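Per the numbering used here, numbering of the sequence shown is gapless, rising by one per residue and ending at 1779. Quick reminder that beta carbons are idealized off the backbone N, C-alpha and C, glycines included. Everything numeric in this text was worked out from a predicted model, so none of it was measured. See structure below.
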Amino acid sequence: MTPPVIRLIATDLDGTLTGKDDPFSLYPVFSERLDFFFQHYDAEWAVCTGRSLRSFKSVIEPLMAIGIAPRYVIIHHAYIYRLGRRRYSPLLLWNAGIRFHLWSISLHLRGTLNAWKRQVQRMIPGVVTLYHRRNRLCMRFRTDEEAARVATMLREKANPFKQLRVFHFLREVDVRTVPFTKGMALAELASRLDIRSSEILAIGNGHNDISMLDGMAAGCTGCPANAEVDVIERVHQSGGHIAASRHLKGVIEVMDAWRDGTVNSALPASWVPNEQQENPRSVGRRMNHSGLPGIRDARHKAIWLGWLVVYTVLVVFANYGLIPFSGLILKPFTLVTTLVTHLFQMVNL
């Protein structure tokens, strides 16, 4: 193939540019690859991340130490910042507009998973709900066939919702909200730079990168070997390069493939579709992953219980005037007891 003109390189951060097994020696190599596109095509580099701006700066520090810094960064999957002389400045109008868009979508989403759960329970008796919150619904069925049937139905229902993804793992169907705005932000940035989608190379490894790897926002795509199963499949479908190496080494491989016209979109021999695997985020199994909703909820409950115990002890001491600011500490307690007393009086009436 003839190597395309690439004027914008968009890379994910965690799991793509950064990885536990990346040696520092790869940074100068990555810098050389960027320089090729900068010099030949006057290209720009943007990092698309779910992190905040401060967190992004702390992670990208090793690259900045050797003089590499992206001109643009998309934080929280959506908000665009441009590097000025000393700092990154926001694109105010876009950032305000996308914030309102996300807020309106979150309102529209309320109650959707509740309705889907009720419909599935009416259709298929014996379904077990493993997890249900506003942003996730995970169900287990008696057979693979039942799970496949429900997954197909829910995928059709999820089409209007860009932020909803339906995953099918053996007998489990897992509906989750995933960030979907990286592709929108990347398209907006390209429009401002007068760059066509065919001139954009997007590289990522996670579900939140799919919106910029589906061939719509970027004509050239790629992923490292550590990418999620769905991401590898999407890059395969969009004709991108699936690297044999992980993290930053894989990113360099993707850049080389598009530079040299040696793109390989074939699925790896080890690739297995989700339907034939156990759910890696199933709440029915013990997982060593602090980001799981069930673990988060348990931690939140423990924190709230701890604060309640501390406040109860303070109220006891304040009630006898044994500690400073006793009156201030007792105010919330007094307000609650007064309210409860009035409620009981109303009930008795």
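- Per DSSP, reduced to three states, the secondary structure at residue 1755 is coil, with no helix or strand assignment.
- Selection 1656, 1760, 1737 evaluated against residue 1748 yields 1760 as nearest (Cα-Cα).
- For residue 1531, there is no enclosing beta strand (DSSP E); the residue is found in the alpha helix (DSSP H) stretching over 1522-1539.
- Inclusion of residue 1661 and residue 1694 in the CB contact set at 8 Å is not warranted, their separation being larger than that value.
- Within its own chain, the residues whose Cβ lies closer than 8 Å to the Cβ of residue 1481, once the five positions on either side in sequence are excluded, are 1443, 1444, 1489, 1505, 1506, listed in chain order.
- A Cβ-Cβ separation of about 6 Å places residue 1604 in contact with residue 1709 under the 8 Å criterion.
- Membership of residue 1503 in the beta strand (DSSP E) is indicated by the continuous run 1502-1505.
- Residue 1559: not part of any alpha helix (DSSP H); member of the beta strand (DSSP E) spanning 1558-1563, first to last residue.
- Exclusion of the five residues before and after residue 1691 leaves 1431, 1432, 1433 as the residues of its chain whose Cβ lies within less than 7 Å of its Cβ.
- Cα atoms of residue 1600 and residue 1577: separation of roughly 7 Å, rounded to the nearest angstrom.
- With 16 or more other Cβ atoms from the protein chains shown falling within 10 Å of its own Cβ, residue 1509 counts as buried.
- With fewer than three CB-CB distances shorter than 8 Å, the stretch 1660-1674 does not count as touching the stretch 1610-1628.
- Annotation for residue 1598: the continuous beta strand (DSSP E) segment containing it runs 1594-1599.
- If you look at residue 1688, you'll find it isn't in any beta strand (DSSP E); it sits in the alpha helix (DSSP H) that goes 1677-1690.
- Only residues of its own chain outside the window of five on either side were considered, and among them 1655, 1662, 1672, 1674 have a CB closer than 8 Å to the CB of residue 1698, listed in chain order.
- Annotation for residue 1511: the continuous beta strand (DSSP E) segment containing it runs 1509-1513.
- Inclusion of residue 1596 and residue 1579 in the CB contact set at 8 Å is not warranted, their separation being larger than that value.
- Here the C-alpha atom of residue 1550 lies approximately 15 Å from the C-alpha atom of residue 1566.
- Taken in chain order, the whole beta strand (DSSP E) runs of length 3 or more contained in the stretch 1464-1498 are 1474-1478.
- A residue is called buried once 16 or more other Cβ atoms fall within 10 Å of its Cβ, and residue 1638 is buried on that count.
- Between the C-alpha atoms of residue 1753 and residue 1483 there is a straight-line separation of about 42 Å.
- Secondary structure of residue 1742 (DSSP, three-state): helix.
- Shown here, residue 1693 sits in coil according to DSSP, grouped into three states, outside any helix or strand.
- Residue 1641 and residue 1650 have their alpha carbons spaced roughly 13 Å apart.
- The C-beta of residue 1497 has fewer than 16 other C-beta atoms within 10 Å across all chains shown, which makes the residue exposed.
- Residue 1677 sits buried, since 16 or more C-beta atoms from the chains shown fall within 10 Å of its C-beta.
- For residue 1660, the enclosing alpha helix (DSSP H) has its first and last residue at 1659-1667.
- Distances from the alpha-carbon of residue 1763 to those of 1755, 1653, 1745 put 1745 closest.
- In the structure shown, the three-state DSSP call for residue 1550 is helix.
- For residue 1580, no beta strand (DSSP E) segment is defined; the enclosing uninterrupted segment is the alpha helix (DSSP H) at 1574-1588.
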